[in-house]
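Participant:
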Amino acid sequence: MKKTQEKENIIELKNIKKVYNEVTAVDNFNLEVKRGEFVTFLGPSGCGKTTTLRMIAGFELPTEGEITLNGQDISKLPPYQRPINTVFQRYALFPHLNIYDNIAFGLKLKTEEVTYKNNNGKTITRKERLTKKEIKEKVRHALEIVDLEGFEKRSIDTLSGGQQQRIAIARAIVNEPEILLLDEPLGALDLKMRKEMQIELKSMHETLGITFIYVTHDQEEALTMSDKVVVMRDGMIQQIGTPEEIYNEPKNAFVADFIGESNIFNGKVTGDKKVRFCNHIFDCVDQFPVGTRVDVVVRPEDVFMRKAGQGMIDVVVDSVVFKGIHYEITVLCGETEIVIQSIKNAEVGTTIGVDIEPDGIHLIENNVTANEFDGVITKHNTVEFGDGEFECDLTQLYPGSRILDDTLVDEKGEEINIVGTEVKVYVPLNGCIEMSDDADEGGVTGNIISLIYKGDHYQYIVRTENEYDFILDDEDLWNENDFVSLVIPKEKIKLALK
Amino acid sequence: MFKFSRKQLCIPYAVFLLFFVIAPLVVIIYYAFTNGKGEFTFNNFTNFFTDSNTIGTLIYSMFISLVTTLVCLVIAYPVAYILANSKLKRKSVILMIFIMPMWINFTLRITAVKEILTAIEGNLAYYPFLNTIIGMTYDFFPFMILPLYNALEKIDRRLIEASHDLGADGVTTFIKVTFPLSMPGVISGITMVFLPVMTNYVVLDMLYNSTYIMGSLIGSYFNAYDWNNGSMISIVLLAIILVVTLFTNKLGNITGENRGATL
Numbered sequence: 139m140k141k142t143q144e145k146e147n148i149i150e151l152k153n154i155k156k157v158y159n160e161v162t163a164v165d166n167f168n169l170e171v172k173r174g175e176f177v178t179f180l181g182p183s184g185c186g187k188t189t190t191l192r193m194i195a196g197f198e199l200p201t202e203g204e205i206t207l208n209g210q211d212i213s214k215l216p217p218y219q220r221p222i223n224t225v226f227q228r229y230a231l232f233p234h235l236n237i238y239d240n241i242a243f244g245l246k247l248k249t250e251e252v253t254y255k256n257n258n259g260k261t262i263t264r265k266e267r268l269t270k271k272e273i274k275e276k277v278r279h280a281l282e283i284v285d286l287e288g289f290e291k292r293s294i295d296t297l298s299g300g301q302q303q304r305i306a307i308a309r310a311i312v313n314e315p316e317i318l319l320l321d322e323p324l325g326a327l328d329l330k331m332r333k334e335m336q337i338e339l340k341s342m343h344e345t346l347g348i349t350f351i352y353v354t355h356d357q358e359e360a361l362t363m364s365d366k367v368v369v370m371r372d373g374m375i376q377q378i379g380t381p382e383e384i385y386n387e388p389k390n391a392f393v394a395d396f397i398g399e400s401n402i403f404n405g406k407v408t409g410d411k412k413v414r415f416c417n418h419i420f421d422c423v424d425q426f427p428v429g430t431r432v433d434v435v436v437r438p439e440d441v442f443m444r445k446a447g448q449g450m451i452d453v454v455v456d457s458v459v460f461k462g463i464h465y466e467i468t469v470l471c472g473e474t475e476i477v478i479q480s481i482k483n484a485e486v487g488t489t490i491g492v493d494i495e496p497d498g499i500h501l502i503e504n505n506v507t508a509n510e511f512d513g514v515i516t517k518h519n520t521v522e523f524g525d526g527e528f529e530c531d532l533t534q535l536y537p538g539s540r541i542l543d544d545t546l547v548d549e550k551g552e553e554i555n556i557v558g559t560e561v562k563v564y565v566p567l568n569g570c571i572e573m574s575d576d577a578d579e580g581g582v583t584g585n586i587i588s589l590i591y592k593g594d595h596y597q598y599i600v601r602t603e604n605e606y607d608f609i610l611d612d613e614d615l616w617n618e619n620d621f622v623s624l625v626i627p628k629e630k631i632k633l634a635l636k
Numbered sequence: 024m025f026k027f028s029r030k031q032l033c034i035p036y037a038v039f040l041l042f043f044v045i046a047p048l049v050v051i052i053y054y055a056f057t058n059g060k061g062e063f064t065f066n067n068f069t070n071f072f073t074d075s076n077t078i079g080t081l082i083y084s085m086f087i088s089l090v091t092t093l094v095c096l097v098i099a100y101p102v103a104y105i106l107a108n109s110k111l112k113r114k115s116v117i118l119m120i121f122i123m124p125m126w127i128n129f130t131l132r133i134t135a136v137k138e139i140l141t142a143i144e145g146n147l148a149y150y151p152f153l154n155t156i157i158g159m160t161y162d163f164f165p166f167m168i169l170p171l172y173n174a175l176e177k178i179d180r181r182l183i184e185a186s187h188d189l190g191a192d193g194v195t196t197f198i199k200v201t202f203p204l205s206m207p208g209v210i211s212g213i214t215m216v217f218l219p220v221m222t223n224y225v226v227l228d229m230l231y232n233s234t235y236i237m238g239s240l241i242g243s244y245f246n247a248y249d250w251n252n253g254s255m256i257s258i259v260l261l262a263i264i265l266v267v268t269l270f271t272n273k274l275g276n277i278t279g280e281n282r283g284a285t286l
């Protein structure tokens, strides 16, 4: 194997976009992978991570954008011409071949350029297939790497899931690919096996020196194994960074929520490295202008329990769950829940103090306080925006105007011709939009595509049919993918003329 | 007390089996090894293998079967392959079009084929062999395409992708992955066509006007009240079918697990 030479980019994805049946699966995807790196695509199912991997493998062609391997554009090459091999999600071993033939499948097709001098002293270069002996030796070596020596003659259905997984890895690495793609390879294994294979894969990566691109929805797996993690959601990259960066400095509330456990609160910057949340002003290390609205991320292990009155704030213990290595303690600060991980126990119902150190508080700027849409006035009391039509109060647009016989009139009582006017629509996040499971109740329907718990309420994103997103806060728990109807009281809809 | 158990549900079938499968078989075996006077004899057996007419018919039947099977396979495989891999939403509807002839009465269909061929060729006697193959192929095509389609449709798409991934282009992938994995379908298609064709005399009767097939040979003996020789031919045919079935089953086992690609 080649030793990691220069840290040059082996593969680059530029502005990759993939559209299936008018649905955008991946958008604006930019990534550079260095030779020998272990990169993980992490995200919930349907976030586009597998689609991206399949574009690198060549099973899908990007709708837009370019994939370059060692500086050459490979976006349009068929998979069999790419020096890239894949370990498939459910192994995809050939059931009609034994283990030897499975592993040798790629080798038997491989040609190598051989240069030699013939009798006349001419140098001839031609492509030759590997000899049987070479193939045999390579297969033996690959089996040795995955720790299944002597399994050549066995048929694949005699193997356990873990062994099949190893054969699938052997079948891919035996071809000495430049990049090895792994599509949730450990998803079908049980927990213990998965942990073992994680360590083995990591050490395989180190010894082989091949670039690994790994897809998983398991954040722990991603943090354990990777040099670089790409967090994805909804076809978009949320953050690229080392496992430490992703964990300690999540770029947005989604990443914070997805990677590890976190407490996420709505906060406001009140001074130089000072932030207010849970009715207390905490010192922190991030700096933002005073008044900035922020998402405050605090990891459960960064919250420390003190005796009542001795902490920064006093809280009431709400529940305690024993988790093996630690207790998971949920406390209430007023209405807001804080989750604490501690090796110490606490008694439910008691009041305790809580400390959060400045470096345990991570701030993410979040100035989104209202949904903003472009709308059109459809009648004298309705406006259409975000896939729906809502009743609203149009008098706010013209000072002194009023509604007379269902018609908007100005001070003099003359009708204002308003139908068809384009307006800006603002709907605040907090307490303005209500969800209902009765599809006819609200002005628009959609599916919940994301929810994030923020201590005393959930923040939801509801996506409508034509991909308008409504962000709203709600105290009740709904499920992801729930189909809901959105009710917006007419006094909550704020309008402005363009 | 009468106690109901699930096994008792088998009784109707057991009775059916006894009267319509086992009893006739016993009768046939009895006739095959006796002469007209009811005495035990092997003469019928030796007759079979010494009579050039019988042997000739056997070989000719096999030949017709073989050609029909091959033609069916060659026509059905590409169709099944394209259909199984197409992204059409109504694949089953298209498949049904191929299978629909099965819904029409067999004799009626063959009569229709006969009329069409007569219209084209003028006189059926010009190309009797060709006509027989056309008739047989038309008749048995659905039995070939169904198992093939089932087998091809079941092939995991990821295996094809894995093959491409490992460096095999389209043709190589077909030879090394798709075709071997469709073998259960191929074998069950062959079984479903080869064996019935060998004894199907209706097609031959109508398109060939001859008795050159095993089924019609048995019929001709029975018509002449020679139950003994007729029965022996049936027994030999049964033995041949048994051997062929065992052989194809074995082949199916070698090529991979049984993927249930039978009808």
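So the protein lines, in turn, are chains A and B. When we follow the working numbering, the leftmost residue of the first sequence carries the number 139, and every step to the right adds one. When we follow the working numbering, the leftmost residue of the second sequence carries the number 24, and every step to the right adds one. Even glycine gets a Cβ: it sits at the ideal position worked out from N, Cα and C.
#1: If contact means a Cβ-Cβ distance below 9 Å, which residues of the segment 181-208 of chain A contact chain B?
#2: Determine the chain A residues that contact THR195 of chain B at a beta-carbon separation under 7 Å, and present them in chain order.
#3: Residues of chain B with CB under 7 Å from TYR352 of chain A, in chain order?
#4: Roughly how many whole angstroms lie between the Cα atoms of LEU610 of chain A and VAL600 of chain A?
#5: Output needed in chain order: residues of the segment 187-216 of chain B with a Cβ under 7 Å from some Cβ in chain A.
#6: Quick check on the DSSP output: the beta strand (DSSP E) that includes CYS95 of chain B runs from which residue to which?
#7: Sorted by chain position, which residues of the same chain lie with C-beta nearer than 8 Å to ARG264 of chain A's C-beta, five sequence neighbours on each side aside?
#8: Any chance the segment 458-469 of chain A sits against the segment 498-508 of chain A, with 3 or more Cβ pairs inside 8 Å?
#9: Taking the DSSP output, what are the residues bridged to PHE460 of chain A?
#10: According to DSSP, is GLU338 of chain A helix, strand or coil?
#11: Hey, does LEU132 of chain B have any beta-carbon neighbour from chain A nearer than 7 Å?
#12: Say whether the segment 310-321 of chain A touches the segment 337-350 of chain A, bearing in mind that this needs 3 or more beta-carbon pairs closer than 8 Å, one atom from each stretch.
#13: So, is the C-beta of PHE226 of chain A closer than 7 Å to a C-beta in chain B?
#14: Under 6 Å Cβ to Cβ from GLU198 of chain A, same chain only, skipping five residues before and after it: list those, please.
#15: Going by beta carbon distance, what residues of the same chain come within less than 8 Å of PRO496 of chain A, once the five residues before and after it are set aside?
#16: Name the two residues that bound the continuous alpha helix (DSSP H) containing ASN246 of chain B.
#17: Any chance the segment 229-243 of chain A sits against the segment 179-186 of chain A, with 3 or more Cβ pairs inside 8 Å?
#18: Counting C-beta neighbours from all protein chains within 10 Å, is the total for ALA185 of chain B 16 or more, i.e. buried, or is it exposed?
#19: If I follow the unbroken beta strand (DSSP E) through MET573 of chain A, where does it start and stop?
#20: Do LEU175 of chain B and ALA99 of chain B have their C-beta atoms closer together than 7 Å?
#21: Look at the alpha carbon of LEU470 of chain A and the alpha carbon of ASN147 of chain A, and state the distance between them as a whole number of angstroms.
#22: Kindly say whether ALA185 of chain B, judged by its beta-carbon, lies nearer than 7 Å to any beta-carbon of chain A.
#23: Which of the three DSSP states is assigned to MET450 of chain A in this structure?
#24: Leaving out five residues before and five after THR261 of chain A in sequence, what residues of the same chain have Cβ atoms less than 7 Å from its Cβ?
#25: Let's test the definition: count the other Cβ atoms within 10 Å of the Cβ of ASN604 of chain A and tell me whether it reaches 16, buried, or not, exposed.
#26: Hey, quick one: how far does the alpha helix (DSSP H) through PRO35 of chain B stretch, first residue to last?
#27: Nearest to ARG220 of chain A by alpha carbon, out of A:ILE317, A:ILE515, A:ARG304?
#28: Does the beta carbon of ARG181 of chain B come closer than 7 Å to any beta carbon on chain A?
#29: Which runs of the beta strand (DSSP E), 3 residues or longer, sit entirely within the segment 256-293 of chain A?
#30: Can you confirm whether the segment 396-405 of chain A touches the segment 431-447 of chain A when touching is taken to mean that 3 or more C-beta pairs between the two stretches lie within less than 8 Å?
#31: Would you please verify whether the beta carbon of ALA230 of chain A is less than 7 Å from any beta carbon of chain B?
#32: Identify the continuous beta strand (DSSP E) that holds LYS172 of chain A and give its terminal residues.
#33: Answer with buried or exposed for HIS279 of chain A, where buried requires no fewer than 16 other C-beta atoms within 10 angstroms of its C-beta.
#34: At 4 residues or longer, and completely inside the segment 292-317 of chain A: list those alpha helix (DSSP H) runs for me, N to C.
#35: Give the range of the beta strand (DSSP E) segment to which ARG540 of chain A is assigned.
#36: MET374 of chain A lies in the beta strand (DSSP E); which residues open and close that run?
Facilitator: Answer, in terms of the structure:
#1: ARG192, ALA195, GLY196, PHE197
#2: Counting from 1 along the second sequence, the entry for residue 195 of chain B is found at position 172. Ordered by position in chain A, the residues that pass the 7 Å Cβ test against THR195 of chain B are LEU247.
#3: To locate residue 352 of chain A, count along the first sequence from 1; it is residue 214. Under the 7 Å cutoff, chain B gives no residues; its nearest Cβ is about 16 Å from TYR352 of chain A.
#4: Here residue 610 of chain A refers to the residue found at position 472 of the first sequence. Here residue 600 of chain A refers to the residue found at position 462 of the first sequence. Whole-angstrom Cα-Cα distance: 8 Å.
#5: HIS187, ASP188, LEU189, GLY190, ALA191, ASP192, THR195, VAL200, PRO203, LEU204
#6: Along the second sequence, read from residue 1 onward, the residue named residue 95 of chain B stands at position 72. Per DSSP, CYS95 of chain B belongs to no beta strand (DSSP E); it is in the alpha helix (DSSP H), 75-108.
#7: As a position in the first sequence, residue 264 of chain A is number 126, starting the count at 1. Hits under 8 Å: GLU251, VAL252.
#8: no
#9: On the first sequence, position 322 is the one that residue 460 of chain A refers to. For PHE460 of chain A, which the question treats as bridged, DSSP gives the partners A:TYR465.
#10: To locate residue 338 of chain A, count along the first sequence from 1; it is residue 200. It is helical.
#11: As a first step, residue 132 of chain B must be located in the second sequence, where it is residue number 109. One detail in the question is off: residue 132 of chain B reads as Arg in this sequence, not Leu. Output row for ARG132 of chain B: interface = no.
#12: yes
#13: Counting from 1 along the first sequence, the entry for residue 226 of chain A is found at position 88. It does; some Cβ of chain B falls within 7 Å.
#14: As a working mapping, residue 198 of chain A is identified with position 60 in the first sequence. Around GLU198 of chain A: ARG192.
#15: The sequence position of residue 496 of chain A within the first sequence is 358, counting from 1. Taken in chain order, the residues that qualify are LYS411, PHE420, ASP421, CYS422, VAL423.
#16: Reading the second sequence from its first residue, position 223 is the one you call residue 246 of chain B. Looking at the DSSP string, the run of the alpha helix (DSSP H) that includes ASN246 of chain B is 237-246.
#17: no
#18: Numbered from 1 along the second sequence, position 162 holds the residue referred to as residue 185 of chain B. Classification for ALA185 of chain B: buried.
#19: Taking the first residue of the first sequence as position 1, residue 573 of chain A is located at position 435. Start and end: 572-574.
#20: Mapped onto the second sequence, residue 175 of chain B falls at position 152. Mapped onto the second sequence, residue 99 of chain B falls at position 76. No, they are not a contact pair.
#21: Within the first sequence, numbered from 1, the residue matching residue 470 of chain A stands at position 332. Within the first sequence, numbered from 1, the residue matching residue 147 of chain A stands at position 9. Distance between the alpha carbons of LEU470 of chain A and ASN147 of chain A: 49 Å.
#22: For the purposes of this step, residue 185 of chain B is taken as residue 162 along the second sequence, with counting starting at 1. Interface residue, yes.
#23: The count along the first sequence starts at 1 and reaches residue 450 of chain A at position 312. Looking at MET450 of chain A - three-state DSSP - the assignment turns out to be coil, as it is neither helix nor strand.
#24: Position 123 of the first sequence, counting from 1, holds the residue named residue 261 of chain A. Closer than 7 Å at Cβ, skipping near neighbours: THR253, LYS255.
#25: Along the first sequence, read from residue 1 onward, the residue named residue 604 of chain A stands at position 466. With fewer than 16 Cβ atoms within 10 Å of its Cβ, ASN604 of chain A is classed as exposed.
#26: The residue given as residue 35 of chain B occupies position 12 in the second sequence. 34-40 is the extent of the alpha helix (DSSP H) around PRO35 of chain B.
#27: Position 82 of the first sequence, counted from the start, is the residue given in the question as residue 220 of chain A. If we check each option's Cα against that of ARG220 of chain A, A:ILE317 comes out closest.
#28: Numbered from 1 along the second sequence, position 158 holds the residue referred to as residue 181 of chain B. Taking Cβ atoms only, chain A reaches closer than 7 Å to ARG181 of chain B, which makes this a yes.
#29: 261-267
#30: yes
#31: If you number the first sequence from 1, residue 230 of chain A lands on position 92. Output row for ALA230 of chain A: interface = yes.
#32: The residue labelled residue 172 of chain A in the question sits at position 34 within the first sequence. Note, LYS172 of chain A: beta strand (DSSP E), 161-172.
#33: For this step, residue 279 of chain A is matched to residue 141 along the first sequence. HIS279 of chain A is exposed by the Cβ-count criterion.
#34: 299-311
#35: Position 402 of the first sequence, counted from the first residue, corresponds to residue 540 of chain A. Segment 540-542, the beta strand (DSSP E) holding ARG540 of chain A.
#36: By 1-based counting over the first sequence, the position of residue 374 of chain A is 236. Here the beta strand (DSSP E) through MET374 of chain A covers 374-379.
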